[in-house]
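Heads up: the sequence shown at position 185 corresponds to 184 in numbering that gives the first Met the number 0, and the numbers run straight through without jumps. Worksheet: one structure, shown below.
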Amino acid sequence: MKDDKNMKKIKFGTVGYGGMGTYHVTGLIPAEEERMEVVGTYDIDEERQEVAKENGTYVYDSYNALLKDEEVEAVLIATPNDSHKDLAIQALEAGKHVVCEKPVTMDTEEFDAILEVAEAEGKVFMVHQNRRWDPDFLLVRDLYEERAMGDVFQIESRVHGANGIPGDWRHEKKHGGGMLLDWGIHLLDQILWMVDSPVEDVKTDLSYILGDEVDDGFTSYITFENGIRAIVEVGTTNFTTLPRWYVKGNKGTARIDDWDLNGEMVVATGTETEAKPSPIRAGVGLTKTMAPPVEGVTKKVDLPKPNVDQTSFYRNFFDVVRYDAEPIVKNEEVREVMTLIDEIFETLGK
Ligand code: NAD
């Protein structure tokens, strides 16, 4: 164990003091106060600058001023998606390490441009794929890895809301708006990180129900080379929702309804029996196929508590910068997701 107390704190300058930037400055970075702190922020919008000041955060009068501050060792970027590339490259060239919000960039080409500069400058660049730490995802990943349902062959991951696309820039293509680049990044990152097999095929329907120039949701059908299939879906016009996760294995099925981990798992007991399910009335018909299994052949199992790793994103970032530790969110993984999204847009001519 290394003694973090003797290590120099990482001092952050942050850019973008909107919804997520504020959360980093007032919540996520202070949560790791032994290892890091915010020295100041910059936002292009004067109203947001005022809010930052009211919250007690020093405000730089330009991004350049932030980058020139020698006290700042790392920059957190939480601005609209189309600005990430230039802001990241400027920060790296100014000799800063960078944490960048997702989606890292508008496409893989922009991401590669950042990686080239990070490499040349010898600086750490990490993307805030924070939903790798979501308890619902960690629970599904545990069930998958522990083969709690036997061999998983289908994973369905959905987030549904009925509030449409939020905010302003998220409605515009030039800023990298739309749900595929928003929630899609998280859900695809989770699935690709969990299933240890290359993607063989992906088909996607983008939805334009709300009449925006960007997608207000989508459904992706992914086939992995190992045969596992995934359905990944984001909806913003779903007035009632489907479960957050529905996972099928050859020995069981799990349903996780929400972020509070409500749901259930039913597994085969392996009990041998000659008995056959009795037909039931179903609607106006009769069915054996959809009748409940014979008693004892399946059992309901409590969903376990997820194995939540105490290493937060920022703690890992600290270890990467100070001790050359392995990043949990690796740039090659982020690049894989970005490439998949490029392919989806390209195939659909978007
Ligand atoms: P937002 O609109 O609330 O805030 C963006 C802020 O950036 C605004 O205050 C705006 O004035 C400022 N800004 C714009 N261009 C700027 C520039 N060139 N220099 C300085 N400031 C500039 O948006 P948001 O919801 O906070 O999203 C910001 C980023 O965070 C996006 O990339 C988004 O995808 C990401 N995000 C991530 C998560 C997550 O869970 N990881 C959640 C929400 C948002």
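The beta-carbon is built from N, C-alpha and C at its ideal position, and this holds for glycine as well. As the structure is a prediction and not an experimental result, all values here were calculated from the model.
| Asked | Found |
| --- | --- |
| Kindly identify the DSSP beta-bridge partner or partners of H159. | G234 |
| Enumerate, from N- to C-terminal direction, the unbroken beta strand (DSSP E) stretches of 3 or more residues contained entirely within the region 246-331. | 251-255, 262-267, 279-281, 284-286 and 297-300 |
| Taking Cβ positions, are I340 and P165 nearer each other than 9 Å? | no |
| Between Q189 and F136, which are expected to be in contact by the criterion C-beta below 8 Å, what is the C-beta distance as a whole number of angstroms? | 5 Å |
| Identify which residue in N225, D214 and Y220 has its Cα closest to the Cα of T236. | D214 |
| Could you pull out every unbroken beta strand (DSSP E) segment of at least 3 residues lying fully inside the region 126-203, listed in chain order? | 151-159 |
| Measuring only the C-alpha atoms, how far is E144 from E199? | 21 Å |
| Should S82 be labelled buried (16 or more other beta-carbon atoms within 10 Å of its own) or exposed? | buried |
| Heavy atom of ligand 1 less than 8 Å from the Cβ of E243, yes or no? | Note on identity: in this sequence residue 243 is Arg, with Glu being the wrong assignment. Checking every heavy atom of ligand 1 against the Cβ of R243, none is found closer than 8 Å. |
| Using the three-state DSSP reduction, which class does T346 fall into: helix, strand or coil? | helix |
| Under 8 Å by Cβ, that's how I've got Y16 and A51 pegged, so tell me the actual separation to the nearest angstrom. | 5 Å |
| DSSP puts K10 in a beta bridge; with which residues? | E36 |
| Does the distance from the C-beta atom of G26 to that of T40 stay below 9 Å? | no |
| What did DSSP end up calling G26 once you bin it into helix, strand or coil? | helix |
| Just to check my reading of the structure: E100 and K84 have Cβ atoms closer than 8 Å, yes? What is that Cβ distance to the nearest angstrom? | No, E100 and K84 are not in contact; Cβ-Cβ is about 12 Å, not under 8 Å. |
| Below 8 Å, is the gap between the Cβ of L86 and the nearest heavy atom of ligand 1? | yes |
| Between which two residues does the beta strand (DSSP E) harbouring Y62 extend? | No beta strand (DSSP E) holds Y62; the alpha helix (DSSP H) holding it covers Y62 to K67. |
| Please state whether the Cβ-Cβ distance between K304 and E263 is less than 9 Å. | no |
| Between the beta-carbon of G251 and the beta-carbon of M148, is there less than 9 Å? | yes |
| From the DSSP output, in three-state form, read off M337 for me. | helix |
| Could you tell me whether the region 310-323 touches the region 155-173, where touching means 3 or more Cβ pairs closer than 8 Å? | no |
| Buried or exposed: which applies to K95, given that a residue is buried once 16 or more other Cβ atoms fall within 10 Å of its Cβ? | buried |
| Could you check whether G12 and V71 sit closer than 9 Å to each other, using their CB atoms as the reference points? | yes |
| Assuming R334 contacts L241 (C-beta within less than 8 Å), just tell me the rounded distance between them. | In fact, because the Cβ distance is near 30 Å, the residues do not count as touching under 8 Å. |
| Determine the direct distance from the alpha carbon of V246 to that of E69, and round the result to whole angstroms. | 50 Å |
| Comparing C-alpha positions only, which one of Q48, E294 and K173 sits nearest to E273? | E294 |
| For I43, is the beta carbon positioned less than 8 Å from some heavy atom of ligand 1? | yes |
| Does the beta-carbon of R131, which I'm using as the reference point, lie nearer than 8 Å to any heavy atom of ligand 1? | no |
| If we count the other Cβ atoms within 10 Å of its Cβ and call it buried at 16 or more, is E49 buried or exposed? | exposed |
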